[in-house]
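Everything below concerns the one structure shown next.
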Amino acid sequence: MRSKVPEVTLLFWVIKVLTTGMGETASDFLAHHVDPVAAVGLGGVGLLVALVIQFAVRRYLAWAYWLAVVMVSVFGTMAADVLHVGLGVPYAVSTVTFAVALAAVFALWYRVERTLSIHTITTPRRELFYWATVLITFALGTAAGDLTATSMHWGYLVSGVVFTVAIGVPALGHRWRGWNAVAAFWTAYVITRPLGASFADWMGVPVHRGGLGWGTGPVTLGWAVAIVVLITVLAAREEDRPQMDSAGQPPSLH
226 MRSKVPEVTL LFWVIKVLTT GMGETASDFL AHHVDPVAAV GLGGVGLLVA
276 LVIQFAVRRY LAWAYWLAVV MVSVFGTMAA DVLHVGLGVP YAVSTVTFAV
326 ALAAVFALWY RVERTLSIHT ITTPRRELFY WATVLITFAL GTAAGDLTAT
376 SMHWGYLVSG VVFTVAIGVP ALGHRWRGWN AVAAFWTAYV ITRPLGASFA
426 DWMGVPVHRG GLGWGTGPVT LGWAVAIVVL ITVLAAREED RPQMDSAGQP
476 PSLH
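Its first residue numbered 226, the sequence shown is counted upward by one per residue in the working numbering.
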């Protein structure tokens, strides 16, 4: 059987970062132009539809997979924002909370399946663990990015630069220091969220908040177009098609 998630290539990471930024600005755009409750409802319905499609297909399809990732990004952002804006939970607390939740999912996933490798997503149960993990990583990354940008007063651009440097640590550690590939992959995966969101926020927020003032709507549209173009390139090249499953085979970071 083949895994239902793509091979980890350079384009995988580029698209992943773009989806995080688009999810951030799309969530902000909806929150300011639609009733917040309705926005969360729309995000939840969109996520449900995308996941139903992803679970229904019998093999990896680029458009179905990345549609699910985009909707997870939008809804994950909303989940983190609801805790802070709606319930008043500080970003430091929500960051720790989501980190603990992620550790719990990893522990349960490994206890049941004995592997966390994305090359083994070949059953509905493993796919369920995978998408639960992805959803929490988006919420965790959102909280961490907002923590550095606002609570710690780094600003969006500085936060983006810091997370750009940070994502290189697991990659270099895996390549040159022999770090565990699965742990390095998931560490980098979490970091993509605040990395993309920081730069997207920097482009979208007003100048008086330290941004370029381009607006969340145009930034969302621009990043969405870039995602569609790159997914089309992937589909044409077929370079992200998963190989025959080898249980426990660690993913590549490049």
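Virtual Cβ for every residue (Gly too), placed ideally from N, Cα, C.
Every value quoted in this text rests on a predicted model; they were computed, and no experiment measured them.
Item, Value
"Sub-9 Å separation of D253 and T441 beta-carbons", "yes"
"Between the CA atoms of F354 and W238 - distance to the nearest angstrom", "21 Å"
"Distance between G370 and S477 (C-alpha atoms, nearest Å)", "Here the model assigns S477 a pLDDT of 40, short of 50, so the residue's position is not dependable, and the following value carries that caveat. Approximately 25 Å, taken between the alpha carbons."
"Residues that R418 bridges to, as DSSP identifies them", "The partner list for R418 (beta bridge, DSSP) is empty, contrary to what the question assumes."
"At least three beta-carbon pairs within less than 8 Å, the segment 376-393 to the segment 341-355", "no"
"For I278, the nearest candidate out of V265, A413, A293 (CA to CA)", "A293"
"Same chain, Cβ closer than 8 Å to I452, neighbours up to 5 away in sequence not counted", "I240, L243, T244, M247, W291, V295"
"Assumed close pair P419, G366 - CB separation to whole angstroms, cut-off 8 Å", "5 Å"
"Residues near V282 in its chain [Cβ-Cβ closer than 8 Å; skip 5 each side]", "K229, A289"
"The segment 372-386 contacting the segment 312-323, beta-carbon criterion three pairs below 8 Å", "yes"
"When F300, G429, R351 are compared against V274, the one with the closest alpha-carbon", "F300"
"Three-state secondary structure (DSSP) of R351", "helix"
"Cβ separation of V428 and G436, assumed to be a contact under 8 Å, to the nearest whole Å", "Looking at the sequence itself, residue 428 is Met, so the reference to Val does not match. The pair is a contact, with the Cβ atoms about 7 Å apart (cut-off 8 Å)."
"Cβ neighbours of G421 in the same chain (closer than 6 Å, five flanking residues each side left out)", "V242, T245, G246"
"Through-space distance from W439 to V265, alpha-carbon basis", "24 Å"
"Selection from G403, P395, V407 that minimises the alpha carbon distance to I416", "P395"
"Coil, strand or helix - V394 by DSSP", "helix"
"Spatial distance of A460 from E232 (CA atoms)", "12 Å"
"Nearest-angstrom Cα separation, counted from A251 out to V258", "Residue 258 is actually His in this sequence, not Val. Rounded to whole angstroms, H258 to A251 spans 10 Å at the Cα level."
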